[in-house]
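Number 519 in UniProt numbering belongs to position 519 of the sequence shown; there are no gaps in the numbering. Ideal placement from N, C-alpha and C gives every residue a C-beta, glycine not left out. Here is the structure we will look at.
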Amino acid sequence: MNKKILIVEDESLVAYDLKLILTRAGYKVCGIADSVSEALEIIEEQKPEMVLLDIFLKGSLNGIDLAKVLTSKNIAFVYLSANFQESILERAKATQPYGFLVKPFREKELLITLDVAFYRHQNSIESKLRQEQALEQVFKNIVAEPINWKQKLLKIAMSIQPHVPFDYLTVTMKNDTGFPDNALSFLRTGFDEYQVIGKDELVNIIKTNKAQLSQMQEDSPRITKADFYNAANFVKIWPQFPVKKLIAQFFNMQSFLGLPLLSSGGDVIHFSFYSRKTDCYTHDHLILLDRLHRLLLSTVEEIIPFDVPEPSLTRVDKLGQNQLSEKSKVAGFKDIIGKSHQMLTVLDHIGIVAPLDTSVLVLGESGTGKEQIAKSIHYLSPRKNKPLVVVNCASMPATLIESELFGHEKGAFTGAVEKRTGKFELADGGTIFLDEIGEMPAELQVKLLRVLQEQEIERIGGRGPVKINVRIVAATNRNLEKEVEEGRFRLDLYYRLFVFPIIIPPLRERKDDIPVLANHFLARYAQKIGKAVTGISANVMAQLLEYHWPGNVRELEHFIERSILLTDGPVIKDAYLPKLQGKKESPVYAEMPTDRLKTIDEHARDHILDVLKRCNGKISGKDGAASKLGLPPSTLHSKMQKLGIKKWE
């Protein structure tokens with residue numbers, strides 16, 4: 001093995017116990033440090049591949065401070081601490097460690113965590129290298145395209161977007177003193193839709209004039225190195241950078257990252273990234289841009305004609321919008337509706353990870369559309385012509401889930417009258433989507449880990465392993481970190497799946513998408529039902545924007561379908577929305593315009609749905625709906641199927 005590990009721990013007994021365990025397991029311990037300063041000396045001399053890092057150390061600096069240095073040097077690290085206060089944990093998580101160990105821990109836990117950490121780090125390095133190589137080829141292709149320099153610059157910006165996200169980007173050219181004649185800004189308006197804004201347009205938008213704009217720029221300090229500012233830190237620099245303040249206030253930008261590129265001729269090309277997200281930029285973005293510095297500079301130098309006058313844009317130009325609108329209609333994104341900056345970030349992440357074979361964990365509340373994200377990843381991947389197999393781990397009885405996933409041989413157990421091919425084999429060459437992975441029994445988590453590690457499965461009653469080639473996309477609405485802490489989900493499996501998480505925001509946090517989604521569902525269900533309902537009144541739309549949407553996009557979809565059925569006329573004028581009495585209470589629906597009494601089945605359906613919502617969709621187990629209803633899970637599944645309940649709606 002001979003992988004070099006540095007131990008940074010201020011308790012000598014713990015440190016030497018760790019050294020003994022690691023040496024016995026075949027690792028090479030290249031040093032033990034009890035402070036950040038001592039650790040930095042060893043790192044410089046020994047260049048370890050992994051650091052076991054305590055949070056509380058001797059001296060004024062702690063493990064979190066050292067973690068930032070390790071990240072900049074691309075050295076993997078695992079935290080170990082006896083005290084994980086919530087505030088400390090949040091700060092530690094922000095440094096993106098490759099694992100956590102809470103003292104006291106067992107030898108087996110340590111070795112498994114290290115295995116996972118090395119795997120994740122190697123996967124991360126390979127992924128970054130592939131991304132950078134892909135970007136280099138993309139830049140070369142853009143330079144060779146027979147289009148003008150403004151269009152090329154826009155395409156460069158678009159290709160950077162998945163790696164350094166932005167809602168507004170300004171590229172200034174020629175000179176960083178005074179507002180340069182050659183300056184373009186790109187305002188993101190859709191997944192791959194941008195408005196290109198020249199100096200004249202910017203002057204009109206932010207209500208100033210060219211002379212004032214130039215003066216404000218001249219009065220601003222010269223930026224000589226890449227740096228970023230999030231939230232309050234961004235606001236603090238506004239007095240020094242009045243143009244940035246105007247842009248931030250007008251376009252509601254919350255974060256900023258500046259990247260100056262010094263050309264061989266002494267000119268400065270400055271990229272100013274803005275985001276509406278409050279904590280958008282991290283040191284990882286600076287590290288990536290540092291690696292891409294030469295490539296980006298040479299590409300921009302090649303495409304920008306420094307001897308031409310200011311770009312003549314008499315209006316807000318939408319370069320490339322038609323081309324990219326067509327791209328957004330490809331199979332991978334056709335059913336993902338939304339233009340909020342939160343959902344655009346999700347689409348960017350899908351674009352990054354889809355071409356790779358990396359495992360993906362989709363996180364989000366019920367009803368946010370996790371399955372659609374999985375479908376997009378599959379259809380945008382090289383596996384798109386192979387099967388996509390969907391498995392809902394919560395809907396299968398625990399006694400059958402192993403057979404469903406891995407298959408069985410004839411006669412393997414009572415009732416196995418024929419050979420069964422499992423879901424993993426059916427997905428061979430393609431993708432398997434494991435929905436509600438948090439519901440998977442502990443004993444099957446071990447077998448899933450083996451699939452991830454070895455790419456092989458073993459049928460029940462089989463004579464040996466069966467090799468498969470499957471990409472795993474998993475999803476859950478649970479807090480898996482909490483599940484790990486409480487022993488219901490394996491730490492090693494969590495970190496294997498957590499290589500590339502995609503977090504879908506709840507609908508209440510992206511209300512800009514509500515009108516778009518509502519009109520999308522209106523067109524779909526009006527056609528399906530056969531009613532000429534074509535619009536939503538302003539009053540109803542205002543109520544939709546005000547409502548909390550605990551059921552997210554699924555609840556909005558059902559609301560629109562129900563409203564079309566109840567509407568007489570071309571416009572939805574009434575909103576029969578739940579009136580929430582409290583965040584944790586069940587919704588009480590406004591009285592519907594009907595005198596009909598509900599049937600027994602309808603009452604049973606409503607009651608089961610209510611219990612399912614209270615249990616967050618969980619069916620089996622101690623806190624599941626079946627237990628609350630006093631029914632075996634299999635009986636509840638049968639009733640749900642009979643009543644047309646697909647989990648909970």
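3 or more residues per run - each beta strand (DSSP E) lying fully within the stretch 342 to 372
Entirely contained in the stretch 342 to 372, the beta strand (DSSP E) runs reaching 3 residues are, in chain order, 360 to 363.
Could you name the residues of the same chain whose beta carbon sits closer than 7 Å to that of L202, not counting the 5 residues immediately before and after it, in chain order?
S185
Strictly by DSSP, which residues pair up with M50? I5 and A76
Flag this pair as yes or no: are the beta carbons of L344 and R188 separated by less than 8 Å? yes
Locate the alpha helix (DSSP H) running through S214, then write down its first and last residues.
K210 to D219
* Inside the stretch 507 to 577 only - alpha helix (DSSP H) runs reaching at least 4 residues -> 513 to 529, 538 to 546 and 552 to 566
Query - Through-space distance from E409 to R459, alpha-carbon basis - result: Annotation: R459 to E409 spans about 7 Å, alpha carbon to alpha carbon.
Taking the C-alpha atoms as reference points, what is the distance between H283 and G59? 24 Å
So, I502 versus V533, is the Cβ gap smaller than 8 Å?
no
Assuming F228 is part of the beta strand (DSSP E), what are its boundary residues?
D227 to N230
Own chain residues within Cβ distance below 7 Å of E483, not counting five before or after
Counting only Cβ-Cβ distances below 7 Å, and skipping sequence neighbours, we find G438 and F489.
- Task: Take L13 and list the residues in its own chain whose beta-carbon comes closer than 7 Å to its own, dropping the five residues that flank it on each side.
- Result: none
* Using a threshold of 7 Å, is the CB atom of I437 nearer than that to any non-hydrogen atom of the ligand NAD? -> For the ligand NAD, the structure offers nothing, since it holds no ligand at all.
Between the CA atoms of L6 and Q122 - distance to the nearest angstrom: Cα to Cα, Q122 sits roughly 18 Å from L6.
| said: With H, G and I counted as helix, E and B as strand and the rest as coil, what does DSSP make of N204? | reply: helix
With a 10 Å radius around its C-beta and 16 neighbouring C-beta atoms as the bar for buried, classify P165 as buried or exposed. Buried, because 16 or more other Cβ atoms sit within 10 Å of the Cβ of P165.
| query | Using DSSP with H/G/I as helix, E/B as strand and the rest coil, what is D435? | reply | D435: strand per DSSP, three-state reduction.
Problem set entry | Of the residues I303, G190, S275 and I457, the one placed nearest S263, counting alpha carbons only | I303
Practice prompt. For the stretch 483 to 509, list the alpha helix (DSSP H) runs that are entirely contained and at least 4 residues long, ordered along the chain.
Written response: 491 to 497
**OP:** Please report the residue range of the beta strand (DSSP E) in which S631 lies.
**Re:** In the sequence under discussion, the amino acid at residue 631 is Leu, which differs from the Ser named in the question. From DSSP, L631 is part of no beta strand (DSSP E); its letter is neither H nor E.
query = When the Cβ atoms of the stretch 419 to 432 are set against those of the stretch 465 to 474, are three or more pairs found closer than 8 Å?
reply = Using a C-beta cut-off of 8 Å, the stretch 419 to 432 makes contact with the stretch 465 to 474, since at least three inter-stretch Cβ pairs fall below that distance.
Practice task
Decide if G630 is buried, meaning its Cβ has at least 16 other Cβ atoms within 10 Å, or exposed.
Solution key: Exposed, because fewer than 16 other Cβ atoms sit within 10 Å of the Cβ of G630.
Note to self: Across the stretch 499 to 519 and the stretch 538 to 554, are there enough close Cβ pairs to call them in contact, namely three or more that are closer than 8 Å?
What the structure shows: yes
Can you tell me which of the three DSSP states K152 falls into? The answer is helix: DSSP assigns K152 an H, G or I state.
### Query
According to the neighbour-count rule (16 or more other Cβ atoms, all chains shown, within 10 Å of its Cβ), is E9 buried or exposed?
buried
Check your understanding: Can you give the Cα-Cα distance for D65 and A92, rounded to whole angstroms?
Key -> 9 Å
Per DSSP, T170 forms a beta bridge with which residues?
S185 and S272
message: By the three-class DSSP mapping on this structure, what secondary structure does R471 have?
response: strand
Distance, T170 Cα to T594 Cα: Residue confidence for T594 is low, a pLDDT of 39 falling below 50, so the modelled location carries little weight; the figure read from the coordinates is stated next. For T594 and T170, the distance between alpha carbons rounds to 57 Å.
### Query
In terms of residues, what are the limits of the beta strand (DSSP E) holding P260?
S255 to L262
Are any of the Cβ atoms in chain C nearer than 8 Å to that of H341? Chain labels in this structure do not include chain C; a single protein chain is all it has.
Whose CA, out of A33, N519, Q240 and N141, lies closest to the CA of Q46?
A33
Rounding to the nearest angstrom, what Cα-Cα distance links G535 and Y525 in this structure? 12 Å
Exercise. Grab the span of the beta strand (DSSP E) containing A33 for me, first residue to last.
Key: K28 to A33
*By Cβ distance below 6 Å, which residues in the same chain neighbour K4 in space, the five residues on each side in sequence not counted?*
K28, C30, P48 and E49
inquiry  = Do G617 and S366 count as a contact pair if the criterion is CB distance below 8 Å?
reply    = yes
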